[in-house]
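The sequence shown maps to residues 28 to 160 in the working numbering.
Note that CB positions come from ideal geometry on N, CA and C, so glycine has one too.
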Amino acid sequence: DPSTGHRWANIISKYGDNQYLLQHNVNNQYFEVAVRTDRGRSYTWSSTEPQQGVWYHVAGVYDGSEVIIYVNGTRESSRGLTGNITTSSSPVNLGRRAWTGDRYFNGVIYDARIYCRALTPSEIQALASSPPP
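What follows is the structure, encoded as structure tokens:
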């Protein structure tokens, strides 16, 4: 449920070479997922433009060969990437940028999950079909 405003807003981020993040961009034009592995970094963006007051189910997936973004259960885009996600002891952050503690998400997060495996498209569709109350 993103608010209006002209800024980047991190929804989920993990520091230490930016292992992964989910955010909406400076002009609220799209959702973005990024993943860093031992072989590089890749970003992918949604085609959905977030609207104020509307709930979205956004999922980012890294399956070992590509970074994929889903909005409301629909695959919207992907970019190729291989390798292992780099690790660090840095904490996972919800609602703010990990490395400077700013760029706060001004909205409501109903449910946030991080899995130790890549979800399948059908699993993501099932999760997206259960909207928040």
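Reference residue i; option with closest CA among the options
i	options	result
R68	T101, Y131, N111 and S115	N111
R102	N52, I151 and G80	I151
D65	W82, S115 and Q56	S115
Cβ-Cβ separation, residue j to residue i (assumed contact under 8 Å), whole Å
i	j	result
V94	G87	7 Å
E59	Q46	No, E59 and Q46 are not in contact; Cβ-Cβ is about 15 Å, not under 8 Å.
A139	L121	6 Å
Buried or exposed (CB count within 10 angstroms, at least 16 for buried), residue i
i	result
I141	exposed
S157	exposed
F98	Reading off the sequence shown, one finds Val at residue 98, where the question assumed Phe. That one is buried.
P77	buried
I136	exposed
Check whether residue i and residue j have beta carbons under 8 Å apart
i	j	result
R144	T113	no
S74	S117	no
T71	S92	no
Straight-line gap, residue i to residue j (C-alpha atoms, nearest Å)
i	j	result
G32	T147	Confidence is the limiting factor: at G32 the pLDDT is only 34, short of 50, which leaves the residue's position unreliable and the question unanswerable from this model.
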